[in-house]
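Read the structure below first, then the notes.
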Amino acid sequence: LGPAGTVQVLFEGSSPSAQPFSQEQRTSNYDRMQHAAVTVQCLPGFALAPAGLTPQALAEPSSVTLSSISSPSGATTVTLALLEVPTERVTVVVTVSDLSLLRFTSRIYFEALEQQQTRLIYLSHLGGFRNGSAILSLAAAGGNYVGTVLRNALVIPVDAPALLLSTNSVTVNPNGYTTFAIHLDTRPSAATLVAATSSDVNVATVDGPITVSDTAFYTLKVTHVRQGTASISFTVSSSVGSTYGDVVVGRE
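Residue numbers (our numbering): 12 to 263.
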């Protein structure tokens, strides 16, 4: 419907007829009856873009998907602009679908009557070991932007830091041992302890624990004790507030 504004749509009744008829032939009780009007309000919109790009107009159900935020130190910004000059000071409230994944700018302000204003929405990893996607929505209040809402405007993938294993299965011969590698996919912000535990030490034992301070590969040795099957679980722990807290990851 073009720029923001308000129009009225009027309804006029008439009787169904296969052929045109003259004024004298209008006999139905609905002919030329004017009905109630419907007011259509076209709201002003938002423009969004990932950091470094020019904001583009965005309307539901469209959305922008950002690159993954992949570690507690990971962060990005999104540029927000108003498509029309605000008649009064405008407050934009930012909401995120999953509050456990991201820190974010919750309120943004645009000044009245200023043209071509842009603001930044800051997004950063909240920490922890959950993967997922956070969906960001916008709602405005003030002046001509009262009631303007943009749902599901941004999709922000979040990747948690993890311990990666070179294999998920090993075979050990009698009186022998084998090795496999582990590494952290995100550089830890503090010394991190990786502990491996065998589910049955009468079948197999495993090295550890080891202290890790980088993303290099580390080798663990699994030693045969007797015939059977055992699983190896891993616990990653570090100081509170650092990249890696306590978490149990995949089994070998």
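By construction, the Cβ of each residue, glycine as well, lies at the ideal position given by its N, Cα and C atoms.
Please read all numbers here as calculations on a predicted model, not as lab measurements.
### Query
What are the residues that DSSP puts in a beta bridge with tyrosine 255?
Here the question's residue 255 lines up with position 244 in the sequence shown. Per DSSP, none; premise fails for tyrosine 255.
### Query
Should phenylalanine 57 go down as buried or exposed, given a rule of 16 or more other Cβ atoms within 10 Å for buried?
Taking the sequence shown and counting its residues from 1, one reaches residue 57 at position 46. Phenylalanine 57 is classed as buried because its beta carbon has at least 16 other beta carbons within 10 Å across all chains shown.
### Query
Are the Cβ atoms of proline 61 and threonine 90 separated by less than 9 Å?
Here residue 61 refers to the residue found at position 50 of the sequence shown. Here residue 90 refers to the residue found at position 79 of the sequence shown. Yes, they are a contact pair.
### Message
Please report the distance separating the alpha-carbon of leucine 93 from that of serine 250.
### Response
Taking the first residue of the sequence shown as 1, we reach residue 93 at position 82. Taking the first residue of the sequence shown as 1, we reach residue 250 at position 239. One C-alpha to the other measures close to 43 Å.
### Task
For proline 163, name the three-state secondary structure that DSSP assigns.
In the sequence shown, the residue the question calls residue 163 occupies position 152. First, the residue type needs correcting, since residue 163 is asparagine and not proline in the sequence shown. Strand.
### Query
Any idea if threonine 65 is buried or exposed, counting beta-carbon neighbours within 10 angstroms, 16 or more meaning buried?
In the sequence shown, the residue the question calls residue 65 occupies position 54. By the neighbour-count criterion, in which a residue is buried when 16 or more other Cβ atoms sit within 10 angstroms of its Cβ, threonine 65 is exposed.
### Task
Check glycine 143 in the structure and name its three-state DSSP category.
Against the sequence shown, residue 143 aligns to sequence position 132. Strand at glycine 143.
### First and last residue of the uninterrupted beta strand (DSSP E) at isoleucine 119
Taking the first residue of the sequence shown as 1, we reach residue 119 at position 108. Counting along the chain, the beta strand (DSSP E) containing isoleucine 119 begins and ends at 118 to 121.
#### Entry: Helix, strand or coil at glycine 154 according to DSSP, with G and I counted as helix
As a first step, residue 154 must be located in the sequence shown, where it is residue number 143. Correct three-state label for glycine 154: helix.
### Query
DSSP on arginine 262, reduced to helix/strand/coil?
Counting from 1 along the sequence shown, the entry for residue 262 is found at position 251. For arginine 262, the predicted structure reports a pLDDT of 36, less than 50, and the residue's modelled location is therefore unreliable. A value from the coordinates is still provided. Three-state DSSP puts arginine 262 in coil, outside helix and strand.
### Task
Return the chain-ordered list of same chain residues with a C-beta closer than 7 Å to the C-beta of asparagine 142, the five sequence neighbours on each side being excluded.
Looking up residue 142 in the sequence shown gives position 131. Excluding positions up to five away in sequence, the list reads Val169, Asp170 and Ala171.
#### Entry: Same chain, Cβ closer than 8 Å to threonine 6, neighbours up to 5 away in sequence not counted
The structure shown has nothing for residue 6, since the chain only spans 12 to 263.
### Task
List in chain order: all unbroken beta strand (DSSP E) runs of 3+ residues lying wholly within the region 186 to 261.
Qualifying beta strand (DSSP E) stretches, in chain order: 188 to 195, 203 to 209, 215 to 217, 221 to 223, 229 to 235, 243 to 248 and 258 to 260.
#### Entry: Nearest candidate by alpha-carbon position, reference leucine 59, set Ser78, Gln238, Ala202 and Ile132
Here residue 59 corresponds to residue number 48 of the sequence shown, with the count starting at 1. Just measuring C-alpha positions, the residue of Ser78, Gln238, Ala202 and Ile132 sitting nearest leucine 59 is Ile132.
### Three-state class that DSSP yields for proline 97 in the structure shown
Here residue 97 is taken as the residue at index 86 of the sequence shown, counted from 1. In the structure shown, proline 97 sits in coil (DSSP, three-state: anything other than H, G, I, E or B).
### Query
Distance, Cα to Cα, leucine 134 vs threonine 240?
Working through the sequence shown from its first residue, we reach residue 134 at position 123. Working through the sequence shown from its first residue, we reach residue 240 at position 229. Leucine 134 and threonine 240: Cα-Cα distance of roughly 45 Å.
#### Entry: As assigned by DSSP and simplified to three states, the class of phenylalanine 32
Along the sequence shown, one-based indexing puts residue 32 at 21. Caution is warranted here: a pLDDT of 46 is assigned to phenylalanine 32, below 50, making its placement in the model unreliable, and the coordinate value is therefore given only provisionally. In the three-state scheme derived from DSSP, where H, G and I count as helix and E and B as strand, phenylalanine 32 is classed as coil.
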